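In what follows, a single structure is set out as structure tokens and then discussed.
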Amino acid sequence: MEGFDPKTSFGYEVSQRYDDEPRGDEAETVAFLAGLAEGRAALEFAVGTGRIALPLTRAGVRVDGIELSPDMVDRMREKPGGDGIDVTMGDMSRVTTGRRYGLVYLVFNTIGNLLTQEDQVECFRNAAAHLTDDGVFVVECRVPTAPSRAGHQYLDTERVGLDYVDLDAGRYDPLTQILDVNHIRISGQGIRLSPIRLRLAHPPEFDLMARIAGLRLRDRWGGWNGEPFTAASWRHVSVYERADSASG
Numbered sequence: 001m002e003g004f005d006p007k008t009s010f011g012y013e014v015s016q017r018y019d020d021e022p023r024g025d026e027a028e029t030v031a032f033l034a035g036l037a038e039g040r041a042a043l044e045f046a047v048g049t050g051r052i053a054l055p056l057t058r059a060g061v062r063v064d065g066i067e068l069s070p071d072m073v074d075r076m077r078e079k080p081g082g083d084g085i086d087v088t089m090g091d092m093s094r095v096t097t098g099r100r101y102g103l104v105y106l107v108f109n110t111i112g113n114l115l116t117q118e119d120q121v122e123c124f125r126n127a128a129a130h131l132t133d134d135g136v137f138v139v140e141c142r143v144p145t146a147p148s149r150a151g152h153q154y155l156d157t158e159r160v161g162l163d164y165v166d167l168d169a170g171r172y173d174p175l176t177q178i179l180d181v182n183h184i185r186i187s188g189q190g191i192r193l194s195p196i197r198l199r200l201a202h203p204p205e206f207d208l209m210a211r212i213a214g215l216r217l218r219d220r221w222g223g224w225n226g227e228p229f230t231a232a233s234w235r236h237v238s239v240y241e242r243a244d245s246a247s248g
């Protein structure tokens, strides 16, 4: 996508509307993560506006964050409890907080914001470096379904309202595994574009990244409520632990 820059893609305008359309499974996400934390401190890669970190804190888990976008953090600071999250600014694949945690997590497809395999491997390595000996790293991501149409591109109608239409226009490059998507809203107020670029990876590739980082897969689920992961699952919740862990 010409002109796309991950460092500026979550700027002020995006931060102000980021929480307007929640996915609807935030409560289940928090309950799952709180159960894994077991009272230990947690670190969220790409903490953003605190959509997960803040309710997880209210559930009794101390949460730190790493975030690239100052605008997203500013939005979190405006929320009740937002000042209580210790955030380290920088790239989640490389920056360190200098602490270790019982839980490190990266949810809502955000690992795809790292646009090369090398950066995604470094993300796993960074997570491993932040884990206590018995800590776990959780990755939640969609299972890729690359466009099968000619040219690996598509245009889908997502929502139709009385005064608006939401469209998704995308193009996939199978060589780089990069998906360029523009979420388009057409309404009486005009046309709003929300571009995003993601590197897609299947669960086995993440498992290999984990092995490179000295981690291994402990569990994989099809959702936050412990649904089995099957060939029909549209996403995976993968839990990694140290390869030298005594459990399992």
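The opening position of the sequence shown corresponds to residue 1 in the UniProt record's numbering, with each subsequent residue numbered one higher. Where is the CB? At the ideal position from N, CA and C, for every residue including glycine. Since the structure is predicted, the reported quantities are computational estimates derived from the model, not experimental observations.
| query | result |
| --- | --- |
| Going straight from the alpha carbon of Tyr18 to that of Val73, what length do you get? | 12 Å |
| Counting Cβ pairs closer than 8 Å, one from the segment 83 to 96 and one from the segment 124 to 135, do we hit at least three? | yes |
| Among Met209, Leu215, Asp25, which residue has its Cα nearest to the Cα of Pro55? | Asp25 |
| Can you grab the Cα-Cα spacing for the pair Arg142 / Asn109, in whole Å? | 6 Å |
| Does DSSP put Leu33 in a helix, in a strand, or in coil? | helix |
| Mark Ser69 as exposed unless 16 or more other C-beta atoms lie within 10 angstroms of its C-beta, in which case mark it buried. | buried |
| Excluding the 5 residues flanking Val61 on each side, which residues of the same chain have their C-beta closer than 6 Å to its C-beta? | Ala34, Ala37, Ala42 |
| Using the rule of at least 16 other Cβ atoms within 10 Å of the residue's Cβ for burial, across every protein chain shown, is Gly248 buried or exposed? | Only weak support exists for where Gly248 lies, its pLDDT of 47 falling under 50; the coordinates are left without a value. |
| Between Phe206 and Gln120, is the Cβ-Cβ spacing less than 9 Å? | yes |
| Between the alpha carbons of Gly112 and Ala210, how many angstroms are there, rounded? | 15 Å |
| CB Thr57 to CB Gly81, shorter than 9 Å? | yes |
| Thinking C-beta only, is Ala128 closer than 9 Å to Arg218? | no |
| Measure the CB-CB distance between Leu179 and Arg171 and report whether it falls below 9 Å. | yes |
| Is the CB-CB distance between Val139 and His236 below 9 Å? | yes |
| By DSSP's criteria, Tyr154 is part of a beta bridge. Which residues make up the other side? | Gly170 |
| Assign Tyr105 to buried or exposed, taking buried as 16 or more other Cβ atoms, counted over all protein chains shown, within 10 Å of its Cβ. | buried |
| CB Leu103 to CB Gly65, shorter than 9 Å? | no |
| List, from N- to C-terminal side, the alpha helix (DSSP H) runs of 4 residues or more that fit wholly inside the UniProt domain "Methyltransferase" (43 to 135). | 53 to 58, 70 to 77, 117 to 130 |
| Taking the alpha-carbon positions, what's the Pro174 to Val63 distance? | 37 Å |
| Taking the alpha-carbon positions, what's the His130 to Asp244 distance? | 15 Å |
| Return the first residue and the last residue of the alpha helix (DSSP H) that Leu198 is part of. | Counting along the chain, Leu198 falls outside any alpha helix (DSSP H), though it belongs to the beta strand (DSSP E) covering 190 to 199. |
| Using the C-alpha atoms, what's the distance from Thr132 back to Tyr101? | 5 Å |
| Within 10 angstroms of its Cβ, does Ala232 collect 16 or more other Cβ (buried), or is it exposed? | exposed |
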